[in-house]
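Note sheet for the following structure.
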Amino acid sequence: MPLSAGRSSLAVSMKSRIPSLSRDTSSELPSRPQFQDPPGNGVSMTDSGDTSTKAKASTPDLPSSRFIFRTCLLMIVPPAITVYFGIICWVYQIPDPEKIPYGHRNAQWVYYSWFIISVFGLGISRYGLAGIEAAMMEDSYWRAPDAIALFMHSRQSWSGPGGWMRYLKIIMAKRQSPAHRLWWLLGLLSLVIIIALPLSGLSMELSDGFVKGSSPPSVIGYSPETFNTKNENKALERSLSRWRAASPVNLPGAGIAYTPRGLDRNDYDYLTKIPNSLSTEQNVPDLFLIPQAKYPISGRPWGLRLSYNCSVVQSKSELTILPKKNSLPLQIVSLQSAHKEAVFGSGPTSSDVIYAYNSSAENLFLYAELGGIINTTYISESVDPNPDILEYVMWQAQGYIPIQGPVSHDFNNTIAMPIPGIGSPLVMHTNGTVTPNETFFERGSGSENLRQFVAGTDNWTLTNFIETAQPIGVRCQALSETGIATLHPDELTFSDFIRVPPGRPPPPYSGVGWYYIPYPFGFSPWAHLSKPETVFANILESIETPLSIRIGPSQVYPSYVQAADLQQSLMGAYAQSALNLMYYGFDTFNQGWMAENLTCSQPGKILGPGALPPHIPMVMLTIWAMGCVILALVYGFRRRQAETLDGYLFSKLSAHYAKNIGDSPAAIGPRSIL
């Protein structure tokens with residue numbers, strides 16, 4: 000065959016195959032960007048050489064550079080944002096605004112600034128990782144293995160939900176995952192920060208509270224100059240009436256009882272919410288009561304520091320004063336009134352003293368012994384470290400309803416937590432009669448016998464008793480002193496306490512009134528319990544249980560007083576004593592005065608915890624920050640041909656995979672990838 004005829008035949012054959020090849024590849028391969036050859040470096044279709052040679056010729060190498068700014072930004076900003084969030088959580092955020100509603104004055108602006116910074120943080124994260132992406136593409140371990148994996152990096156599809164959704168569509172179409180390890184790494188870092196930022200917003204919220212102010216407050220309560228000017232008799236009467244009526248024991252004004260640092264306020268229910276109250280159930284370990292303003296105050300105020308606790312006596316070995324009854328001198332015997340009374344010792348403010356008396360209330364009879372000692376004084380230069388002691392033991396008996404005589408009614412005669420082994424002033428006989436216990440009332444050789452102290456009232460005789468009950472008792476301890484201390488309103492604590500006695504009272508004078516040194520904190524409960532004619536009724540009213548019921552014209556009590564009820568009653572007496580001693584029972588600012596040496600806070604917004612613990616977003620932010628810093632240190636300072644995966648670098652890498660795309664029968668369409 001002639002050579003010209005052969006060439007002509009070959010040309011016809013190639014023309015007939017080219018359209019067919021074009022149709023087949025268009026149905027299987029994705030359309031891809033057409034990169035123009037740079038001027039002066041183009042290679043014509045008639046040039047010799049293979050496809051890879053043409054691709055290399057179309058994308059010449061550029062000089063490599065280091066892009067320091069983008070790398071430094073990635074190293075600095077993510078850790079800074081993470082640290083800022085930590086500062087918000089551990090410096091500006093209040094753990095429990097209900098317990099301590101005092102926060103930083105700039106908390107509101109810090110709260111808003113976090114959301115602004117979060118927006119910039121998300122953008123800077125993408126900005127920095129885009130540079131790292133370009134550097135890692137030139138690393139043999141991280142570069143895309145084929146063109147399909149390369150196309151997944153177009154427009155940083157790893158950086159946001161749009162690219163992730165396109166990836167999911169590819170997976171759902173049951174095609175092979177097109178992403179490579181670099182896309183996954185950058186995508187996970189982006190996912191962490193995108194999730195962490197909304198969660199961080201859920202971990203904090205603004206609430207109403209108080210922030211630092213600059214003006215002096217108007218306060219209610221005694222100052223050291225006025226503390227000893229009160230009329231003590233009226234003060235005792237006011238405290239007694241409030242105790243008997245079971246009045247609330249909330250502190251006035253802002254109502255804050257300050258505690259020493261190191262004391263966990265969460266352990267005490269009465270300190271968990273503002274305003275605080277004084278306890279009638281739990282022990283009071285150490286409180287500092289100061290003149291109260293409408294809002295929390297700061298500075299070094301003068302106030303009353305106190306502690307008290309009453310516990311149920313469950314063994315006679317717990318009693319330290321009442322067992323001394325037979326060894327103390329008998330000072331007073333009162334047999335003239337219906338309620339008999341005896342006093343042993345010289346008085347509670349000088350040494351041990353014991354009161355013994357009887358009392359009654361409707362169908363209940365009481366014989367009680369009250370013992371104690373008051374060691375506290377506020378004007379002495381020396382301080383007695385020993386606490387004030389109060390011991391109270393009562394023996395009860397059930398009797399018939401006065402006037403009516405025997406009337407049937409339900410009565411619970413159970414005694415919980417009795418004191419075993421201390422005897423009884425009454426002896427109940429099998430025939431239903433009651434006689435005094437001669438042994439119980441004997442003193443010494445028998446020259447003094449106090450059995451007459453079980454005699455009833457004018458309407459009572461020993462034959463009116465139905466039954467006797469086992470004894471119950473309570474022992475109380477109290478400490479108090481006056482002084483100044485430094486307040487920490489953000490913690491509701493005080494420190495650096497220094498004892499400062501109140502000013503001495505003015506000299507006494509006759510006529511309108513008599514002013515004298517008031518009794519200390521522990522004296523009021525003693526005074527309330529030493530009134531035999533009303534004490535039993537007062538105790539029953541103060542605990543509001545057992546409630547009396549009406550039977551005919553009379554009121555009767557359906558059960559005995561229990562030890563726990565007596566404990567609550569005495570705790571209430573101490574609480575009312577503290578309120579009366581420091582605030583005279585006032586709860587309004589009509590008697591207020593300006594405390595120029597103190598600073599009052601003001602209402603404002605404080606930052607508290609949200610619905611989510613801050614530890615969760617903090618961990619995620621830390622992972623994101625560490626990942627960014629590590630990638631920046633390892634890859635950010637390397638020389639690379641482009642700052643990001645831009646058109647130049649993309650075309651250069653695409654040229655390497657052009658043959659792979661042409662050979663792939665399962666190429667993914669551009670809309671699915673790009």
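Okay, so the sequence shown: first residue is 0 according to numbering that gives the first Met the number 0, each after it adds one.
Just so you know, even glycine gets a beta-carbon here, dropped at the ideal spot from N, CA and C.
Source: prediction; values computed, not measured.
Looking only at C-alpha atoms, which of the options sits nearest to residue i?
i, options, result
"G212", "G298, F343, E224 and W183", "G298"
"G200", "F84, P488, I483 and L425", "F84"
"V426", "I542, P417, A396 and M416", "A396"
"L181", "D145, V283, R104 and L167", "D145"
"R549", "H487, I542 and P557", "P557"
"I706", "K293, V283, I497 and Y140", "No answer is possible for residue 706: it lies beyond the span of the chain, which begins at 0 and ends at 673."
"A563", "V473, L250 and I465", "V473"
"T674", "Y110, H152 and G102", "The chain is shown from 0 up to 673; residue 674 falls before or after that span and cannot be answered."
"F119", "A172, W141, K168 and I192", "I192"
"F364", "P470, L327 and I418", "P470"
"P96", "T271, L478, V82 and S139", "T271"
"W623", "Y166, L149, A143 and I194", "I194"
"I465", "S238, D495, T70 and N411", "N411"
"Q313", "M416, A148, T492 and K168", "M416"
"G502", "M164, H179 and K229", "K229"
"E361", "M617, Y559 and F343", "Y559"
"E490", "I331, R69, P616 and V90", "V90"
Going by DSSP, name the residue or residues bridged to residue i.
i, result
"R304", "F287 and E480"
"L606", "Q92 and L205"
"R639", "S64"
"A624", "None, per the DSSP bridge assignment."
"H487", "T492"
"I353", "F343 and G370"
"G472", "V392"
"V210", "Q601"
"W592", "V218"
"Y257", "F287"
"F364", "S359 and A396"
"V332", "A341"
If you follow the alpha helix (DSSP H) that residue i is part of, which residue opens it and which one closes it?
i, result
"A79", "I67 to I86"
"G161", "P160 to M171"
"S278", "Premise fails: S278 is in no alpha helix (DSSP H) and is neither H nor E."
"R241", "E231 to R243"
"R125", "A106 to M136"
"E540", "V534 to I542"
"P524", "F522 to L528"
"L149", "A146 to F150"
Confirm, please, whether the CB-CB distance from residue j to residue i is below 8 Å.
i, j, result
"P223", "V499", "yes"
"I87", "I93", "no"
"A468", "V248", "no"
"A253", "L288", "no"
"F520", "S568", "no"
"M203", "G603", "no"
"L677", "L303", "Nothing about residue 677 can be read from this structure; the chain reaches only from 0 to 673."
"T279", "M74", "no"
"I131", "V76", "no"
"P251", "Y582", "yes"
"G422", "F439", "yes"
"G626", "L188", "yes"
"G208", "G370", "no"
"A79", "L606", "no"
"Q476", "N265", "no"
"L329", "A341", "yes"
"G127", "L72", "yes"
Determine the extent of the beta strand (DSSP E) in which residue i is found, giving its start and end residues.
i, result
"Y559", "No beta strand (DSSP E) contains Y559, which DSSP labels as neither H nor E."
"P435", "V433 to P435"
"Q554", "S553 to V555"
"F464", "F464 to T467"
"L425", "L425 to M427"
"R549", "I548 to I550"
With a threshold of 7 Å (Cβ to nearest heavy atom), would residue i be considered close to the ligand MN?
i, result
"E437", "As presented, the structure is devoid of all ligands, the ligand MN included, so that no description of it is given."
At least one CB of chain B closer than 8 Å to the CB of residue i: is that the case?
i, result
"E224", "Absent from the structure is chain B; it holds one protein chain and no more."
Is the stretch 133–148 touching the stretch 630–642 in the sense that three or more CB pairs, one from each, lie closer than 8 Å? Here the stretch 630–642 makes contact with the stretch 133–148; the two share three or more CB pairs at distances below 8 Å.
Does the structure place the stretch 534–554 close enough to the stretch 230–250 that three or more beta carbon pairs sit under 8 Å? Yes: the two stretches touch, three or more of their Cβ pairs being nearer than 8 Å.
Say whether the stretch 257–271 touches the stretch 214–221, bearing in mind that this needs 3 or more beta-carbon pairs closer than 8 Å, one atom from each stretch. No, they do not touch.
Three or more C-beta pairs closer than 8 Å, one from the stretch 146–160 and one from the stretch 183–192: is that the case here? Touching, per the Cβ criterion.
Taking contact to mean 3 or more Cβ pairs, one atom from each stretch, closer than 8 Å, check whether the stretch 319–328 and the stretch 612–619 are in contact. Contact check between the stretch 319–328 and the stretch 612–619: fewer than three CB pairs, one atom from each, fall below 8 Å, which does not count as touching.
Check whether the stretch 479–491 and the stretch 526–534 are in contact - that is, three or more C-beta pairs closer than 8 Å. No, the stretch 479–491 is not in contact with the stretch 526–534.
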